[in-house]
Amino acid sequence: MMTRLLLDLPFFTVVLLVVIGLGAMVLKRNLIKILMGLSILESAVNLFLVAIGYRQDGVAPIFTNVPSLHMVLPTVQALTLTSIVIGVATSAMMLSFAMILYKKYGTVDARDIRKLKG
Amino acid sequence: MKMTKIVRTTADVFYPFCLAFGLYVVMHGHLTPGGGFQGGAVMATGAALLIVARSYEDITGRLRKGVLKVCEATGLMLFLLAGLSGLLKGLPFMANWLTQTGGWVGKVMEFGPNGGELATGGLIPLLNVGVGIEVLGGLSIILLYMISGTKEKKP
Amino acid sequence: MSTMIMRHLPALLIATPLFAAFLMPLVGAAGRWVRTAWVFLGAALTATVGLLLAWQVFTTGPVLYVFGAGDPTQTLPGDAAFPIRIMFAVDALSALMIVIASCSSLAITLYSLNAEARQSGLETFYAMLFLLVTGVLGMVATGDLFNFFVFLEISSLAGAALVAYRIDEGVAVEAGLKYALLSTVGALAVLIAIGILFAQYNALNIAALASRLQFTVLDKVALVLLVVPLAMKCGAVPMHFWTPDSYTTAPSSVTAFLVVSSQASLYGLFRILYTLYGSLLSWATFGWFLIILGVLSMFIGVTMAIPQKDVKRLMAYHAVSQTGYMLLGVGVGLAVLGNRAALEEFGKTAMAGGLFHIFNHAMYKGLLFLTAGAVFYRTGTRNLNKLGGLGHTMPWTMVFFMIGALAIAGVPPFNGFASKLLIYESVFRFSPFLAVVAMVVSILTLASFVKVFHSMFLGARRAEYAAAREVPAAMWVGMALLAVVVMAAGLVPRPFIDHLITPAVNALCDRAGYIATIFGG
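Chains as they are written, first to last, in the numbering used here: chain A, 1 to 118; chain B, 1001 to 1155; chain C, 2001 to 2521.
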C-alpha cells in the first residue's frame, strides 16, 4: 500500500502543478506571472512524462560502467528533453514579447493591454 | 549596471571554465547524460555570467551578435548536413553510417558496458557538436537581446 | 541521382525548407539580391519537392520513410515488436495537404519578396517563414504522434513570431503573445495526451497506437485532450477568439500562410478521429460533434464578420466561417462512417466536399488576404470607411479580389462553388436543415464581400490615394498564381476531384489500410 502510494506520488504532484499553473494563468493579471504559470504547467507535463517512464529495477541506458543490462527504453526521457527545449524557446519568445509590450504600453498588467477587441 | 571589480574579475576567470565544462558535456553526450543542448546551455551560462557582471555596452565588445548568429547558423548546418550525409551512402536521412566503421568516431565496440570510450557513437557526436554550437549561439543571442531591453538611460 | 532524390523525397521535404531557413542569417549578410534569390530558390525547391512527393503518392500509393534505419521502409528495427523509430507516412490525405502547402507557400513567398521589402530584419522574417512551412509540412507528413507535436510547436512558435513581426505596432505583439500562449497551452494538452497513450501502449506511432487501442477511460481523456486543442488551433467556434487578432495584425503574406497552418491542425483533427481512434468511436456522437462545431463556426463567423470595419479582421472572421464548411462536410462523413450504404450514397461526397473546400479555401482565402495586403501596401490603411475608389488605380488587384470574393461566396464558376455544391447536395440528404444553414451562410458571405468590394474599389477617385499604383511584379505574380488555381479548380473541378480529393477521402476512410502500410501487411 505504502509503496503503491509512493509510486503514485509523482502523479499527484503533476495534478497539483497543473492546478497551480492553470490557476496562475487564469487568476493572475501580471503578464510575467501568467508566463510563470505557463512554465509551471510545462514542468508538470515534463514530470508526467518522466514519471510514466519509471520501471522498477531498470537502469538508465547509459553504457559507461553500467552494472546491469536490464535497461529502460529511454523514449519518454527523449520526449521530455524535446519538450524542455521547446519550452525554453517558448519562454524566451514570450518573455521578449512581454518586454516589448512593457516598452510600448508601460505596463505588464493584462487588463491594460487590451487594444484588440471586436 | 556595473558590478564591482571583484565580481567582474571572478566572472572573467570563470568564463573559460564554463566553456570548457560545456564542451565536456557536449563531447561526452553519447556516453553520459547531457549532450548538445545541455552542453550548449552550460556554455551559454558563461555568456550569462559575463552579461550579469558587466554593463550592456561593455559586453557587446566581447560577445558580438554577428559572430553568435554565425555560430547558430553553422551549428544548424552541421546538424543538417550530418543528417543528409547518409543519403550519399544510399541510407536514409539521419542514418548512423559512421558507427562501428573503425574511423575516428566509429571505434569498433562490443555490445555491453564500456569504460567510457570517447571515439564511439558514429554520427551522434557530430550531431551533438552541431547542436552545441547552435545552442551556444542561440541562447547567448536571446540573453543579449533581453539585456539590451534593460539598457540604462544615460544620465 | 534522380532515383536517389525520388527515394528520399519525404526527408527532403523537411530538409529543404530547414536548409533555406538555417542559412538565412549568413545569406542575409551577403546583400539584398543574394537574399532575394536565396528565398526564391528555397521556396521553389520546397514546392517542387512537395509536388513531386504528392505525385509519387498519387501514382504509386502511400510512401513510407523511416529516419535513421538501414532501409527507408524498414519499420521494425531488429527483433522489436513495435515501431520505435521516427517515420513519415505520407498517404493520399497527407499528399493533398502537401499540395496545398506547396502551392500557397510558393505564391506567398513570391508575394512577400516585394510586399515586405520595406521592412527591416528580413533574414529573420524569411527564416521564420521557412520554419512555418517546415512545421506545416511536417505536421501533415508525419506518421508519429510525438513528431506531430514537435511540428505543431514549430509552426506555432514561428507563427507567433511572425504575427508579432511588426513590433512597432504594440497590437501585433499583443496578438503574437495571445497566439503563442494559447498554442503552447494547447500543445501541452496534446503532449499530456501523447504521454497517456504512450504509458498504456508503449508506442508513439499512429498506426501502432491505432492497432492496439483499447478505448479505456484514459484513452477517452486523451481523446478530449487531443481534439480540443486541435479544434482551437483550426479556429473553430467557440475557440476562435485568437483568429481575428492574429490574422489581422500579421503581415498579409503570413496571414495567408497561417490559414494553411490552421488547416494542418484540421488535418490532425481528422487524422486522430478517423485513423487513430477510428472504429472505436461512436460515429454519430463525434460526427455530430464536428457538425455542431462546423455549424456554429459558419454562422457565428459570418455574423461577426459583417459589422467589421477592418478588412483583414473581416476576412479573418470569414476564415472561421469557411472552416465550418470543412468541419460540416467531414463531420457528416464521420457520422455515417459505420453505415456503408449511407457512406457510399452521400457520406463520401460530403467528405470530398469538405476536403475539396480545404484546398479551395487555402487558395481563395490566401488570395483575398494577399489583395488586402496589396491595398494596405499602397494606401497604408485597412479601414473600410477610409478606403474607396481604388478600382481606378489598382485594376489588377480589383480583379484578383473579385475572383477571391466570388469564390468564397460560392458563385459559379469559381472553385468555392464546386466544393460547396458537393457539400450542399450531400448534406441535404443527411439533414436538409444543415444544408439550408450552409446556403444562408453563403448568401451572407456574398453580401459581406459585396460591401467590401464596394467600399474598397468602387466610387470616385480619392485625392489621398492618388499616388496608389498597381502592385510590384512579384506581388502580382504571387496573386496571379493563386487566382489561376482558383479559376482552374472552378472551371474544371472534375480532374481535381478525381485525382486529388477522391484518393484522399478513401485514405481517410481506410483505417486498416493505413495500419497495414506501416506494418507491411
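Idealized CB from N, CA, C, for every residue including glycine.
Neighbour list for residue i in chain C, Cβ cutoff strictly below 9 Å
i                 : result
Leu41 (chain A)   : Thr2184, Val2185 and Leu2188
Glu1072 (chain B) : Phe2022 and Pro2025
Buried or exposed by the 16-neighbour rule on C-beta atoms within 10 Å, applied to residue i
i                 : result
Pro2010 (chain C) : buried
Ile2443 (chain C) : exposed
Leu44 (chain A)   : Reading the sequence as shown, one finds Ala at residue 44 (chain A) and not Leu. Buried is the call here.
Tyr2514 (chain C) : buried
Ala2080 (chain C) : exposed
Lys2178 (chain C) : buried
Thr2255 (chain C) : buried
Ile2014 (chain C) : buried
Trp2283 (chain C) : buried
Phe12 (chain A)   : exposed
Asn2383 (chain C) : exposed
Val2436 (chain C) : exposed
Trp1104 (chain B) : exposed
Test item: CB-CB of residue i and residue j under 7 Å
i                 : j                 : result
Gly2301 (chain C) : Val2320 (chain C) : yes
Cys1071 (chain B) : Thr1045 (chain B) : no
Ala1068 (chain B) : Ser1148 (chain B) : Checking the displayed sequence, the identity of residue 1068 (chain B) turns out to be Leu instead of Ala. No. Outside cutoff.
Ala2264 (chain C) : Val2099 (chain C) : no
Ala1945 (chain C) : Val2332 (chain C) : Only positions 2001 to 2521 of chain C appear in this structure, which leaves residue 1945 (chain C) out of reach.
Ile40 (chain A)   : Leu17 (chain A)   : yes
Val2260 (chain C) : Val2136 (chain C) : yes
Asn2205 (chain C) : Pro2025 (chain C) : no
Asn2506 (chain C) : Ser2419 (chain C) : no
Gly2068 (chain C) : Ala1082 (chain B) : no
Gly2143 (chain C) : Phe2151 (chain C) : no
Gly2235 (chain C) : Ser2262 (chain C) : yes
Met94 (chain A)   : Leu49 (chain A)   : no
Leu2223 (chain C) : Leu2209 (chain C) : no
Ala1053 (chain B) : Met1003 (chain B) : yes
Ala2504 (chain C) : Leu2355 (chain C) : yes
Ala2095 (chain C) : Val2057 (chain C) : yes
Ile86 (chain A)   : Glu2153 (chain C) : yes
Beta-carbon neighbours of residue i, restricted to chain A and to distances below 9 Å
i                 : result
Phe1037 (chain B) : Leu81, Ile84, Val85 and Val88
Val2302 (chain C) : Simply none; closest approach about 15 Å.
Under 7 Å by beta carbon: chain C residues contacting residue i
i                 : result
Val26 (chain A)   : Within chain C, no residue comes near Val26 (chain A); the closest Cβ sits about 11 Å away, beyond 7 Å.
Ile113 (chain A)  : Glu2174
Lys1069 (chain B) : Pro2025
Leu1076 (chain B) : Phe2022
Within chain B, the residues that residue i reaches when beta carbons sit closer than 8 Å
i                 : result
Ile52 (chain A)   : The premise fails here: Ile52 (chain A) is roughly 19 Å from chain B at the closest Cβ pair, so nothing lies under 8 Å.
Pro2072 (chain C) : Pro1092
Met99 (chain A)   : Met1146 and Gly1149
Met2004 (chain C) : Leu1087 and Gly1090
Ala2015 (chain C) : Leu1080, Gly1083, Leu1084 and Phe1093
Per-residue contacts from residue i into chain B (C-beta, under 7 Å)
i                 : result
Gly2068 (chain C) : Pro1092, Met1094, Ala1095 and Asn1096
Met36 (chain A)   : Neighbours of Met36 (chain A) on chain B: none; closest Cβ ~16 Å, over 7 Å.
Ala92 (chain A)   : Ile1142
Phe2019 (chain C) : Leu1080
Interface partners of residue i on chain A, CB under 7 Å
i                 : result
Glu2153 (chain C) : Ile86
Leu2384 (chain C) : Chain A residues near Leu2384 (chain C): none, gap ~13 Å exceeds 7 Å.
Gly2195 (chain C) : Phe48, Leu49 and Ile52
Interface residues of chain A facing residue i [CB-CB closer than 8 Å]
i                 : result
Tyr1145 (chain B) : Ser96
Residue i Cβ short of 6 Å to the ligand ATP heavy atom set
i                 : result
Gln2119 (chain C) : This structure does not include the ligand ATP; it has no bound ligands of any sort.
Contacts that residue i makes with chain B (C-beta to C-beta distance below 9 Å)
i                 : result
Pro2238 (chain C) : None at all; the shortest Cβ gap to chain B is about 35 Å.
Tyr2065 (chain C) : Pro1092 and Phe1093
Neighbour list for residue i in chain C, Cβ cutoff strictly below 8 Å
i                : result
Tyr105 (chain A) : Gly2170
Quiz item: Is the number of C-beta pairs between the stretch 2351-2369 of chain C and the stretch 2470-2477 of chain C that are closer than 8 Å three or more?
Solution: The answer is no - the stretch 2470-2477 of chain C does not touch the stretch 2351-2369 of chain C, with fewer than three Cβ pairs under 8 Å.
Quiz item: Should the stretch 2018-2026 of chain C be called in touch with the stretch 2123-2134 of chain C, which here means at least 3 C-beta pairs below 8 Å?
Solution: Short answer: they touch.
Quiz item: Do the stretch 63-70 of chain A and the stretch 2173-2186 of chain C meet, that is, are 3 or more Cβ pairs less than 8 Å apart?
Solution: Three or more beta-carbon pairs separated by less than 8 Å are not found between the stretch 63-70 of chain A and the stretch 2173-2186 of chain C, which leaves the two stretches without contact.
Practice problem: Using a Cβ-Cβ cut-off of less than 8 Å, list which residues of the stretch 2490-2509 of chain C approach chain A; keep chain order. | Solution: Answer set for the stretch 2490-2509 of chain C: empty.
Exercise. Please confirm if the stretch 2113-2120 of chain C is in contact with the stretch 2292-2299 of chain C, defined as three or more CB-CB distances below 8 Å between the two stretches.
Key: Here the stretch 2113-2120 of chain C does not lie against the stretch 2292-2299 of chain C, with fewer than 3 beta-carbon pairs under 8 Å apart.
Quiz item: For the stretch 46-79 of chain A, which residues have a beta carbon sitting closer than 7 Å to at least one beta carbon of chain B?
Solution: The residues in question are Ile62, Phe63, Thr64, Asn65, Val66 and Leu69.
Self-check item: At least 3 beta-carbon pairs within less than 8 Å: the stretch 2489-2502 of chain C vs the stretch 2037-2044 of chain C
Solution: Pairwise C-beta distances place the stretch 2489-2502 of chain C out of contact with the stretch 2037-2044 of chain C, as fewer than three of them are shorter than 8 Å.
Quiz item: Below 8 Å, can you find three or more Cβ-Cβ pairs linking the stretch 1054-1062 of chain B to the stretch 1034-1041 of chain B?
Solution: As far as the Cβ criterion goes, the stretch 1054-1062 of chain B does not touch the stretch 1034-1041 of chain B, which means the pair count is below three.
Self-check item: chain A contacts made by the stretch 1113-1126 of chain B, where a contact means CB separation under 7 Å
Solution: Cβ proximity to chain A below 7 Å picks out Pro1113, Asn1114, Gly1115 and Gly1116 from the stretch 1113-1126 of chain B.
Quiz item: When the Cβ atoms of the stretch 2454-2470 of chain C are set against those of the stretch 2385-2392 of chain C, are three or more pairs found closer than 8 Å?
Solution: These segments touch.
Quiz item: Three or more beta-carbon pairs under 8 Å between the stretch 2273-2281 of chain C and the stretch 2400-2416 of chain C, yes or no?
Solution: The way I'd put it, the stretch 2273-2281 of chain C doesn't touch the stretch 2400-2416 of chain C; fewer than three beta-carbon pairs between them come closer than 8 Å.
Quiz item: How about the stretch 2093-2113 of chain C and the stretch 2150-2167 of chain C: do they share at least three Cβ pairs that are nearer than 8 Å?
Solution: No, because fewer than three Cβ pairs between the stretch 2093-2113 of chain C and the stretch 2150-2167 of chain C fall closer than 8 Å, the two stretches do not touch.
Self-check item: Within 9 Å of chain A by C-beta, residues of the stretch 1010-1044 of chain B in sequence order
Solution: Within the stretch 1010-1044 of chain B, the residues whose Cβ lies closer than 9 Å to some Cβ of chain A are His1028, Leu1031, Thr1032, Pro1033, Gly1035, Phe1037, Gln1038 and Ala1041, listed in chain order.
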